[in-house]
Structure formats: C-alpha cells, structure tokens
Amino acid sequence: MSGLLCTLLVLLALAAAATNPVLVVRGRRRLRRLADHARGLAVTVPCDLRDRELTDGQWHEGHLKLPPGGPGGPVQWRAKGRTAWEGAGGFPPLEAASADELSVAFRSADGATELRLHPDEAPMVLRVLRAAP
C-alpha cells in the first residue's frame, strides 16, 4: 500500500513539473486582464520598453497602464521598481518586428521606440496605442 502511495505522489510531482504552474498562473492573469479591459476597466500590462524619452534609449522591464473604457485615453508607463507612473505621451506608430511564442516585438519606423509583450495581449495594447491622444 505504501508503495502505491509513493508511486502516486511521484506521478503527481512529475505532472506538476510538466505543466509548469508558473505559466498556468501567468496565463490566468493575462485572461483576467483581457476580460477586465473588455469590460471597460483600466489594466496594467507587463512589457519591455525601449524609448528615447521614457527609458533613455535603454531596455527596461515594466508595465503599461491602459486607460479604462478602452481606446482613447492616455497610456502611462512605469518601470519595474518605480512607484510613479509617467505619461507616455503619444507612442509613434509601431510595426511588428519579430515574434515567438513568448513575446512579440514592435518597433517604430525610426527605431527610437521598441515594445515587447506577450502575443495574447499585443492586439489589445496596439489598439489602445493607436487610438491614444
């Protein structure tokens, strides 16, 4: 009986390791952000940003705060470790530069602004950035 219990525990541990619980939790958070934004709530989306003005041309991990009610409001940026939100002003038009299963990269025509985020959230963020004042 103890051998059966031990085998069952080993199988459960292997299944947990194979499903990678961190990716499951991140997926749930993404789905919640998408649903919240569809309901008209403000959401913060994790991303990597390189911008001449906001990040002095260096890559920084942080969050974009999308306005409540969908496209049309100001987008704000906050670098990881900071407490204050910065007005992102108007993002230049961004075009897709590269993609894989973990991130999609977008770049402005002059290369001054680059944005990397998860492919599931990319359409929502681009829709808001295109409509932002």
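The numbers in the working numbering rise by one with no breaks, and the one at position 108 of the sequence shown is 120. We treat Cβ as the ideally placed atom computed from N, Cα and C, and that holds for glycine. Note that the structure is predicted; figures quoted are calculated from it, not measured.
For residue i, the three-state DSSP class (helix, strand or coil)
i: Ala143; result: helix
i: Gly39; result: helix
i: Thr95; result: coil
i: Ser120; result: strand
i: Val55; result: strand
i: Arg64; result: coil
i: Pro104; result: coil
Residue i versus residue j: straight-line alpha-carbon distance, rounded
i: Leu106; j: Ala121; result: 7 Å
i: Val22; j: Ala143; result: 52 Å
i: Gly102; j: Val36; result: 33 Å
i: Gly47; j: Arg40; result: It is Ala, not Gly, that sits at residue 47 in the sequence shown. Answer to the nearest angstrom: the Cα atoms are 11 Å apart.
i: Lys182; j: Asp132; result: Outside the modelled stretch of the chain, which goes from 13 to 145, sits residue 182, for which no answer is possible.
i: Thr95; j: Ala29; result: 34 Å
i: Met136; j: Ser14; result: 52 Å
i: Leu26; j: His49; result: 36 Å
Option in the options with minimal Cα separation from residue i
i: Thr67; options: Leu127, Met136, Ala134, Glu133; result: Leu127
i: His130; options: Thr31, Leu141, Ala111, Arg119; result: Ala111
i: Pro58; options: Thr19, Gly93, Leu16; result: Gly93
Residue(s) in a DSSP beta bridge with residue i
i: Gln70; result: None, per the DSSP bridge assignment.
i: Leu76; result: Val57, Trp89
i: Thr19; result: Beta-bridge pairing links Thr19 to no other residue.
i: Arg128; result: Asp60, Ala117
i: Ala109; result: None; Ala109 has no bridge partner.
Contacting residues, own chain, Cβ-Cβ under 7 Å from residue i (five flanking each side not counted)
i: Ala108; result: Val116, Phe118
i: Gly99; result: Pro86, Gln88
i: Arg42; result: His130, Asp132, Glu133
Own chain partners of residue i with C-beta closer than 6 Å, once the 5 adjacent residues on each side are dropped
i: Ala124; result: Arg64
i: Arg90; result: Gly74, His75, Trp97
Cβ-based neighbour list, residue i, same chain, cut-off 8 Å, excluding 5 preceding and 5 following
i: Leu148; result: With the chain represented from 13 up to 145, any question about residue 148 goes unanswered, as that position is not in the structure.
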